[in-house]
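See below for the structure under consideration.
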Amino acid sequence: MRTKLHLLLLAAGLLAIPSYAGELNLFEWSAVAPIVVQGEILGEEGKYVALHVNHVLRGDVLPESRILIDRRKANRHRSRNASPKGLKLHAGTVYLVLLEPSENKKGETKARVFSLVRGVQGARPLPPEGA
Numbered sequence: 043m044r045t046k047l048h049l050l051l052l053a054a055g056l057l058a059i060p061s062y063a064g065e066l067n068l069f070e071w072s073a074v075a076p077i078v079v080q081g082e083i084l085g086e087e088g089k090y091v092a093l094h095v096n097h098v099l100r101g102d103v104l105p106e107s108r109i110l111i112d113r114r115k116a117n118r119h120r121s122r123n124a125s126p127k128g129l130k131l132h133a134g135t136v137y138l139v140l141l142e143p144s145e146n147k148k149g150e151t152k153a154r155v156f157s158l159v160r161g162v163q164g165a166r167p168l169p170p171e172g173a
């Protein structure tokens, strides 16, 4: 009897939890990243994408510096159902990006190379000024 009551209460509690299918707001989206920067894509450099950092919102990256983003890693590890198309970062476009220091296979941090936090969802284009 007591077990059935517990199961009934558990089921009622699970049904009462609303499903969260909406898009994350900016605070929720950026909360998981140790480094958050706003910058302009300069173009591709081998397997990386070069970014000119305009503003640092969080983290240990110098403003006006040039960093490399490992976009391939994000595209390789994406969910094919949630993101059927890979992330494309277009040269000349300004993005808000969530970053973490990139590591090699030995666990050593690569200088000036960063991985996207949240994978392909870790970069958002900013609208042009005045739009």
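In terms of the numbering used here, the sequence shown is residues 43 to 173.
All residues carry an ideal CB built from backbone N, CA and C; glycine is no exception.
All values reported here derive from a predicted model rather than from experimental measurement.
Residue range of the alpha helix (DSSP H) that residue i falls in?
{"i": "R184", "result": "Residue 184 lies beyond the stretch modelled for the chain, which goes from 43 to 173, so this question has no answer here."}
Out of curiosity, what's the CA-to-CA distance linking residue i and residue j?
{"i": "V162", "j": "G149", "result": "22 Å"}
{"i": "A153", "j": "L66", "result": "31 Å"}
{"i": "L68", "j": "P167", "result": "13 Å"}
{"i": "L56", "j": "G64", "result": "Confidence at L56 is low in this model, with a pLDDT of 47, below 50, so the placement of that residue should be treated as unreliable; the coordinate-derived value is given next. If I take the Cα positions, the gap works out to 19 Å."}
{"i": "S121", "j": "L104", "result": "32 Å"}
{"i": "P170", "j": "G134", "result": "11 Å"}
{"i": "H132", "j": "E82", "result": "9 Å"}
{"i": "S144", "j": "G164", "result": "14 Å"}
Grouping DSSP H, G and I as helix and E and B as strand, with all else coil, what is residue i?
{"i": "A75", "result": "coil"}
{"i": "L140", "result": "strand"}
{"i": "K127", "result": "coil"}
{"i": "E145", "result": "strand"}
{"i": "E65", "result": "coil"}
{"i": "E70", "result": "helix"}
{"i": "A153", "result": "strand"}
{"i": "E82", "result": "strand"}
{"i": "E171", "result": "coil"}
{"i": "L104", "result": "coil"}
If you follow the beta strand (DSSP E) that residue i is part of, which residue opens it and which one closes it?
{"i": "A165", "result": "165-167"}
{"i": "N117", "result": "Taken as a continuous stretch (DSSP letters only), N117 belongs to no beta strand (DSSP E), being part of the alpha helix (DSSP H) at 113-118."}
{"i": "V95", "result": "90-100"}
Compare the C-alpha of residue i against each of the options and name the closest.
{"i": "V79", "options": "N146, K127, L129, V136", "result": "V136"}
{"i": "H119", "options": "E70, P169, E171, R160", "result": "R160"}
{"i": "S72", "options": "L138, V155, S144", "result": "L138"}
{"i": "R108", "options": "H94, V155, T151", "result": "H94"}
Do the CB positions of residue i and residue j come within less than 8 Å of each other?
{"i": "S157", "j": "D102", "result": "no"}
{"i": "A75", "j": "L129", "result": "no"}
{"i": "L110", "j": "E87", "result": "yes"}
{"i": "R114", "j": "K89", "result": "yes"}
{"i": "L99", "j": "A92", "result": "no"}
Compare the C-beta of residue i against all C-beta atoms of chain B and say whether one is closer than 8 Å.
{"i": "K89", "result": "Of the chains in the structure shown, none is chain B; there is only one protein chain."}
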